[in-house]
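Reviewing the structure listed below.
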Amino acid sequence: MILCGGTGTRLWPVSRQSYPKQFVPLQGEYSLFQNTLKRVESDAFAAPIIVTADDYRFIVREQMDQVHVKPLSKLIEPSPKNTAPAILAAALHLYEKDTQAIMLVLSSDHWVADDEAFRYTTSEAFDAANSGKIITFGVKPTHPETGYGYLSLSTQEGSAPYPLSAFVEKPDLAQAQALVEDGMHLWNAGIFMFRVDTIIEAFKIYQPTMYAQVLSAYEHASKDIDFIRLDAQSWAQVTADSVDYAIMEKATNLAVMPFISHWSDLGSWKALYDIKSKDVKGNVIHPQAIGIDCENTLLEQTDEGQALVGIGLKDLSVVATKDAILVAHKDHSQTVKKAVETLTNQSRYQATQFLKVHRPWGWYQTLAFGDQYQVKEIFVNPGEKLSLQSHRYRAEHWVVVQGEATVLVGDQESVLKPNESTYIPIGVKHRLTNHTHTPVMIIETQTGTYLGEDDIIRYEDVYNRIDNSETLEI
Numbered sequence: 158m159i160l161c162g163g164t165g166t167r168l169w170p171v172s173r174q175s176y177p178k179q180f181v182p183l184q185g186e187y188s189l190f191q192n193t194l195k196r197v198e199s200d201a202f203a204a205p206i207i208v209t210a211d212d213y214r215f216i217v218r219e220q221m222d223q224v225h226v227k228p229l230s231k232l233i234e235p236s237p238k239n240t241a242p243a244i245l246a247a248a249l250h251l252y253e254k255d256t257q258a259i260m261l262v263l264s265s266d267h268w269v270a271d272d273e274a275f276r277y278t279t280s281e282a283f284d285a286a287n288s289g290k291i292i293t294f295g296v297k298p299t300h301p302e303t304g305y306g307y308l309s310l311s312t313q314e315g316s317a318p319y320p321l322s323a324f325v326e327k328p329d330l331a332q333a334q335a336l337v338e339d340g341m342h343l344w345n346a347g348i349f350m351f352r353v354d355t356i357i358e359a360f361k362i363y364q365p366t367m368y369a370q371v372l373s374a375y376e377h378a379s380k381d382i383d384f385i386r387l388d389a390q391s392w393a394q395v396t397a398d399s400v401d402y403a404i405m406e407k408a409t410n411l412a413v414m415p416f417i418s419h420w421s422d423l424g425s426w427k428a429l430y431d432i433k434s435k436d437v438k439g440n441v442i443h444p445q446a447i448g449i450d451c452e453n454t455l456l457e458q459t460d461e462g463q464a465l466v467g468i469g470l471k472d473l474s475v476v477a478t479k480d481a482i483l484v485a486h487k488d489h490s491q492t493v494k495k496a497v498e499t500l501t502n503q504s505r506y507q508a509t510q511f512l513k514v515h516r517p518w519g520w521y522q523t524l525a526f527g528d529q530y531q532v533k534e535i536f537v538n539p540g541e542k543l544s545l546q547s548h549r550y551r552a553e554h555w556v557v558v559q560g561e562a563t564v565l566v567g568d569q570e571s572v573l574k575p576n577e578s579t580y581i582p583i584g585v586k587h588r589l590t591n592h593t594h595t596p597v598m599i600i601e602t603q604t605g606t607y608l609g610e611d612d613i614i615r616y617e618d619v620y621n622r623i624d625n626s627e628t629l630e631i
């Protein structure tokens, strides 16, 4: 079971609420989510259950298709409630299929150095989980880390898994140093294994109210294309809580399985710096960036067209995207979340959004905007279509620059090729469809008195995005 609903604010500006870090290829060719899928792609594992947020459902589907992974199920949380309710919902779903199934709970945004070692470690914990133990996985600390919780062991004699003595909350630096030095503490990796009947019984005992509410949300769930949408009314009553607080710190049948490979939750730019290859001066420099007389510095960029140059920098993280730049001392990596909060309070779109916005049919990005006009680049995947829609305050001009677009304006349908265009007056129903096997790219120029994304009336949509209220999606 893979948790895939986090917003990843600590890796801003590359990770934002609209497209968080689990979907970003931070290390290598694939995203963290795709690497997680591939990590459990073997005969030892069944098809995964994905629990994600409504905003990410089509990103999840697209990224799974890209790595040719077919899930057992995909559950949609109506709103974020932390890890405990999500894990319970997945357990209830799996319980219907096999009351004694073993569930391995993973986060979609973790990095593991050795997938084979991961598979070996999880297989070694199987028998203990099957006997009724709740297994939590711990990682041997490589340095004092204040961003992780710790697992306290009473012994490391005999064969793992070992009895858990206590959970230790995220410590200060002095406490973290002591925990590392005593050799009896592991980082809490947030990875769990148990039988579904075991964890469901734990929720009944320690969180009976949450159990009843999540059960109601699951029993009243609805089908949404190839997703299972938990009931929003029941889900709204659920108290948000982590599985650590809700269950693990109360249960008496816990055991710890030490993980034998390097691991990171990539919860900060320092954490990403730590796992990357470095030059002789300890720098991690993007291939398109330039570092001169720098030391122990990260220079990261997402737009290869820009020139990022660092001179005389030491112990810094510099991250540049098309619309935002972060400059931070590595020791302050955990403070990035506060920067996002500040941007949010200032109503800056960069706090949560990118210029490039992903949609189930493709993506669009804003190229230019001003008083009563906006220019967008719109990319439509093969075989996809936008909703049938109209606007109250804006007109649109479409110019095809790539591919072959089938365009409906009012009752008139036409096929536009590169360098051909159409005009969509205010209030007229319209739709763009790509019937071909190649992408379609158009340049859209909007003109009008209001250009917000909530100026839309949707009439038909193949992605089930129609409801009684107006949507914020194009």
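Each residue of the sequence shown is one higher than the last, beginning at 158 in the numbering used here. Glycine is no exception: its CB is placed at the ideal position from the N, C-alpha and C atoms.
How many whole angstroms separate the CB atoms of residue i and residue j, which I take to be in contact at a CB cut-off of 8 Å?
i, j, result
"V476", "V171", "6 Å"
"F351", "A246", "No, F351 and A246 are not in contact; Cβ-Cβ is about 15 Å, not under 8 Å."
"F283", "L308", "Actually they do not touch by this definition, with Cβ atoms about 19 Å apart."
"G347", "E326", "Not quite, the Cβ-Cβ distance comes to about 14 Å (not below 8 Å), so this is no contact."
"I417", "T278", "6 Å"
"I614", "S547", "5 Å"
"Y550", "Y607", "4 Å"
"L229", "A204", "4 Å"
Can you tell me where the beta strand (DSSP E) with residue i in it begins and where it stops?
i, result
"H267", "H267 -> no beta strand (DSSP E), and no H or E assigned at all."
"E498", "Here E498 belongs to no beta strand (DSSP E); instead the alpha helix (DSSP H) covers V493 to N502."
"Q531", "Y530 to V537"
"E484", "Before going on, a small fix: residue 484 reads as Val here, not Glu. Note, V484: beta strand (DSSP E), I482 to H486."
"R549", "Looking at the DSSP string, R549 is not in any beta strand (DSSP E), and its letter there is neither H nor E."
"Y252", "Looking at the DSSP string, Y252 is not in any beta strand (DSSP E); the run it does join, the alpha helix (DSSP H), is T240 to K254."
"K380", "S379 to D381"
"E570", "Q569 to L573"
"V476", "L473 to A477"
"W392", "Note, W392: premise wrong, no beta strand (DSSP E); alpha helix (DSSP H) at A389 to A393."
"E302", "Segment: none, E302 is in no beta strand (DSSP E) and carries neither H nor E."
Which class does residue i belong to by DSSP, given the choice of helix, strand or coil?
i, result
"Y580", "strand"
"N345", "strand"
"K195", "helix"
"T278", "helix"
"I404", "helix"
"M158", "coil"
"I613", "coil"
"T593", "coil"
"H587", "strand"
"E627", "In this predicted model, E627 has a pLDDT of only 42, less than 50, meaning its place in the structure is not dependable; the value taken from the coordinates is given anyway. If DSSP states are grouped into helix, strand and coil, E627 belongs with coil."
"Q445", "coil"
"F202", "coil"
Closest to residue i by CA distance: which of the options is it?
i, options, result
"S587", "F190, T563, T606 and G163", "Strictly speaking, residue 587 in this sequence is His, with Ser absent from that position. When each option's Cα is compared against that of H587, the closest is T563."
"A378", "A508, M405, E234 and I259", "E234"
"N538", "P444, V572, D272 and T590", "T590"
"H250", "D528, Q603 and F384", "F384"
"G605", "G567, A552, S236 and Y252", "A552"
"M405", "I244, T492 and S265", "I244"
"I600", "V572, V558 and Y580", "V558"
"F190", "K178, A201, D200 and S199", "K178"
"L372", "V413, D381 and A393", "A393"
"P575", "E561, L565, V585 and N192", "E561"
"I356", "T293, L387 and N453", "T293"
So the alpha helix (DSSP H) residue i belongs to, where does it begin and stop?
i, result
"Y363", "V353 to Y363"
"T293", "Looking at the DSSP string, T293 is not in any alpha helix (DSSP H); the run it does join, the beta strand (DSSP E), is I291 to V296."
"L423", "Note, L423: premise wrong, no alpha helix (DSSP H); not H, not E."
"Q223", "R214 to Q223"
In whole angstroms, what is the alpha-carbon distance linking residue i and residue j?
i, j, result
"P298", "H342", "8 Å"
"I438", "Q458", "The question names Ile, but residue 438 in the sequence shown is Lys. Near 20 Å, if we compare the C-alpha coordinates of Q458 and K438."
"N410", "I291", "6 Å"
"E376", "Q510", "34 Å"
"P582", "P596", "25 Å"
"T628", "D611", "With a pLDDT of 43 at T628, under the threshold of 50, the predicted position of this residue should be treated as unreliable, and no value is reported."
"A389", "L470", "49 Å"
"L543", "I216", "16 Å"
"L232", "I207", "6 Å"
"G165", "K433", "19 Å"
"A408", "L321", "10 Å"
"C161", "A464", "33 Å"
"T396", "K361", "15 Å"
"E534", "R516", "13 Å"
"Q313", "Y319", "6 Å"
"S474", "L500", "19 Å"
"G448", "K487", "17 Å"
"P242", "H267", "20 Å"
"H419", "A428", "12 Å"
"I442", "V269", "21 Å"
"Q491", "G540", "43 Å"
"R196", "T593", "34 Å"
For residue i, decide whether its Cβ has a neighbour in chain C, counting only Cβ atoms nearer than 8 Å.
i, result
"G185", "Given the protein chain composition of this structure (a single chain), no chain C is represented."
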